[in-house]
Amino acid sequence: MSMRALFGLLLAAAMTLVAGAASAHPHVWITATSELLYAADGSITGVRHAWTFDDMFSAYAVQGLESKTKGTYTREELGPLAQTNVESLKEYAYFTFARADGKKERFQEPVDYFLDYKDTVLTLHFTLPLKNPVKPKQLVLEVFDRSYFIDFQMAKDNPVKLVGAPAGCQMKLDRPGDGSATAQKLNEQTFLNGENSNFGMMFANKITVDCP
Amino acid sequence: MIGRLQSPLARGLLACAALVAVLAVADAALHDLFAQNPFGAPKATQAPEPEASGLIGWLLAKQSEFYRQMSSTIRAAKSDGSAVWTLLFISFAYGIFHAAGPGHGKAVIASYLVANRETARRGIALSFASALMQSLVAILIVGISAWVLNATAKTMCKAEGVIEIASYALIALFGLRLVWVKGRTFIRALQATQPVPAMAGVPHDHDHGHHHHHDAHDHHHHDHGRAHDHHAHAHDHHGHDHVHDEHCGHSHGPTPSELAGPGGWRRGFAAILTVGIRPCSGAILVLVFALAQGLFWAGIAATFLMGLGTAITVAAIAVVAVSAKDIAARLSAGRDGGGALFMRGIEFGAAALVLLFGVGLLFGYIAAERTTCF
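Below, the structure written as structure tokens:
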């Protein structure tokens, strides 16, 4: 048995190397800023995102689009693309996951969306209204792509804004890779469990807002 | 251990279970190894859980780095021709790192090689051919849709999605076929470990012509030079005949005995097609970007270099897989019955892995490998 175990191990090592973790790697990079929108009564009504794509993907996204002036695209010319974007994002839950005092909250379809084209890159603006406005002690908002096809990074300057938040609310941003975001160990379960294939979790941006 | 078990089925199941257990153990060990890899990005705060550090994290970081340099280099190439050389180098490096990170292409090729008792040489050839095909498919997609038809990204991405699903279906079919052939062989091997004269007699005659063919062309298989093995071969061949006529879609999948002979490429083609038909999203993005910059040819060159880099890594992995299999075969050759049975079990397991990958990819269980269109 020991002999057998030995060569089994050898083979297994080789197989794991090739077949083990079916992890993806990003092809699209997004630099994000997010605003948390508060109503007058202090409840959170939604999130407004501005996502700036990398220039490679931006060039890909505008491929084939008509524009009056070559190399520039107006907000109107980009209208149909913006609509496609937000419609497709639904399948991915807008890469935005909210929990109010630990309870999952859902978003409605995006509103007020448009695309800007500036310095050869596209920025997608859109607002995600919460299905039910909430007034939690703690709100956790995570932005990430679980398949890690898209790499999300919160902007360096002013990544998160609280718009109209009650006084005393504290915001904390955990960027991916600093060890404090929800980390998961790389293992088979991470990749092969369907619902749980949360590889991208490790690259999540976690916004925590604590209110008194 | 074997002696205690009476039923060959139980023994087979045990062999399978042992394989799975060993896989799990080795996997954990390997991940520990990755986690402690000195190449891992240095961290200011020591995280209790390893994140995307270690080897995989490093690979991810490297390929992202190279990939992100591509756009600026293509831009630079517009005014400075020498930047093209940089682009080619970056593409090549990206290809190498890209393939070193885990992905289904390598897994399918390696599993296929193990299941089919392929030689390392053929593994290398398969790796290069499938990478070349991947490059060509990407160039064709962008060339036709973006360059000729001026289609939008939406259309292109949809086309990509369709090809992707088709390729995953192909993998599943390919896996199904391998499982069918290897499963039969495995069951025969199970039966062969129990001396049943009536069973052993018939296939032995059947075996002889085949035997010569086998030995003359493929010395590599000499390692398994045991009666049981040839016995299995005969049935393998038999199984293939059954499948051959009814399913044109995957009728070209090789059986070990045929691989060595002329025309082996036709069957290798199934593997190449299965893996190579799905283009890399990265290559498509680079091509469209290059097209937008008016440097489509630079994008094409970059795509081929990426393919070359990918091929080198996949070939290396293929050689490792085949070598491990060879070592296992050599070790098990000295054992009676059980050794051959074990090898058939491994081949069957590898075949099942291909099927598992195909089904997993097809139904989105491996979410990491879906093109995101938006």
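As you go down the protein sequences, you meet chains A and B in turn.
As numbered in our numbering, residues 165 to 376 make up the first sequence, in order.
As numbered in our numbering, residues 215 to 588 make up the second sequence, in order.
Ideal Cβ placement from N, Cα and C applies to all residues, glycine included.
{"Item": "Where A/His191 meets chain B, residues with beta-carbon distance less than 7 Å", "Value": "Ser495, Gly496, Leu499"}
{"Item": "CB of A/Asp265 within 8 Å of CB of A/Gln302, strictly", "Value": "yes"}
{"Item": "Near-chain B residues of the stretch 233-254 of chain A (beta-carbon distance less than 7 Å), N- to C-terminal order", "Value": "Thr248, Asn249, Ser252, Leu253"}
{"Item": "Paired residues, beta bridge with A/Phe316 - DSSP", "Value": "A/Ile194"}
{"Item": "Same chain, Cβ closer than 8 Å to B/Leu302, five either side skipped, listed in chain order", "Value": "Ala515, Ala516, Leu519"}
{"Item": "Neighbour flag for B/Ser344 against chain A, beta carbons, 8 Å", "Value": "no"}
{"Item": "Integer-rounded CB distance, given that A/Phe313 should sit under 8 Å from A/His213", "Value": "The Cβ separation is near 17 Å, so there is no contact."}
{"Item": "Assigned exposure category for A/Glu230 - 16 Cβ within 10 Å defines buried", "Value": "exposed"}
{"Item": "Contact under 8 Å by Cβ, A/Pro293 with A/Phe271", "Value": "yes"}
{"Item": "Burial state of B/Phe577 (16 or more Cβ within 10 Å)", "Value": "exposed"}
{"Item": "Reference B/Val322; option with closest CA among B/Phe388, B/Ile526, B/Phe556, B/Leu505", "Value": "B/Phe388"}
{"Item": "Whether A/Leu200 touches A/Leu288 by CB criterion (8 Å)", "Value": "no"}
{"Item": "Listed by chain order, chain B residues near A/Gln265 by CB distance under 8 Å", "Value": "Residue 265 of chain A is actually Asp in this sequence, not Gln. Per Cβ cutoff of 8 Å: no residues; A/Asp265 is ~25 Å from chain B at best."}
{"Item": "Simplified DSSP state of A/Asn296, which is helix, strand or coil", "Value": "strand"}
{"Item": "Classification of B/Leu505 by the beta-carbon crowding that lies within 10 angstroms, buried from 16 upward", "Value": "buried"}
{"Item": "Beta-carbon proximity of A/Leu286 to A/Ile371, cut-off 8 Å", "Value": "no"}
{"Item": "Minimum Cβ-Cβ distance from B/Arg364 to chain A less than 8 Å", "Value": "Checking the sequence, you will find Asn at residue 364 of chain B rather than Arg. Yes, B/Asn364 counts as interfacial toward chain A."}
{"Item": "With 16 other Cβ atoms within 10 Å as the buried cut-off, status of A/Pro376", "Value": "exposed"}
{"Item": "Residues of its chain near B/Ala313, where Cβ-Cβ distance is below 6 Å and the 5 sequence neighbours each way are ignored", "Value": "Thr524, Thr527, Val528"}
{"Item": "N- and C-terminal bounds of the alpha helix (DSSP H) containing B/Ala540", "Value": "Note on identity: in this sequence residue 540 of chain B is Asp, with Ala being the wrong assignment. Start and end: 510-547."}
{"Item": "Nonlocal neighbours in the same chain, by C-beta distance under 6 Å from B/Phe311, ignoring five residues either side", "Value": "Leu273, Lys276, Gln277"}
{"Item": "DSSP-derived helix/strand/coil call for B/Ile338", "Value": "helix"}
{"Item": "Residue of A/Pro330, A/Gly235, A/Leu253, A/Thr209 minimising C-alpha distance to A/Asp280", "Value": "A/Gly235"}
{"Item": "Assigned secondary structure, A/Ile208 (DSSP; H/G/I helix, E/B strand, else coil)", "Value": "strand"}
{"Item": "The stretch 376-388 of chain B contacting the stretch 531-547 of chain B, beta-carbon criterion three pairs below 8 Å", "Value": "no"}
{"Item": "8 Å Cβ cut-off: residues of chain A touching B/Lys396", "Value": "None at all; the shortest Cβ gap to chain A is about 15 Å."}
{"Item": "Which of helix, strand or coil DSSP assigns to A/Tyr237", "Value": "coil"}
{"Item": "Per-residue contacts from A/Gln334 into chain B (C-beta, under 9 Å)", "Value": "Within chain B, no residue comes near A/Gln334; the closest Cβ sits about 21 Å away, beyond 9 Å."}
{"Item": "B/Phe562 to A/Arg239 span [Cα, whole Å]", "Value": "57 Å"}
{"Item": "Whether A/Ser207 touches A/Pro297 by CB criterion (8 Å)", "Value": "yes"}
{"Item": "Under 7 Å (Cβ pairs) to chain B, residues found in the stretch 205-217 of chain A", "Value": "none"}
{"Item": "Cutoff 7 Å; reference B/Gln507; Cβ partners in own chain excluding five residues on either side", "Value": "Ile288, Arg289, Lys292"}
{"Item": "Any C-beta of chain A under 8 Å from that of B/Ser285", "Value": "yes"}
{"Item": "Cβ neighbour criterion (16 or more within 10 Å) applied to A/Glu255", "Value": "exposed"}
{"Item": "Those residues which DSSP pairs with A/Met335 across a bridge", "Value": "A/Val373"}
{"Item": "Distance between beta carbons of B/Pro493 and B/Ala352, contact taken as under 8 Å", "Value": "4 Å"}
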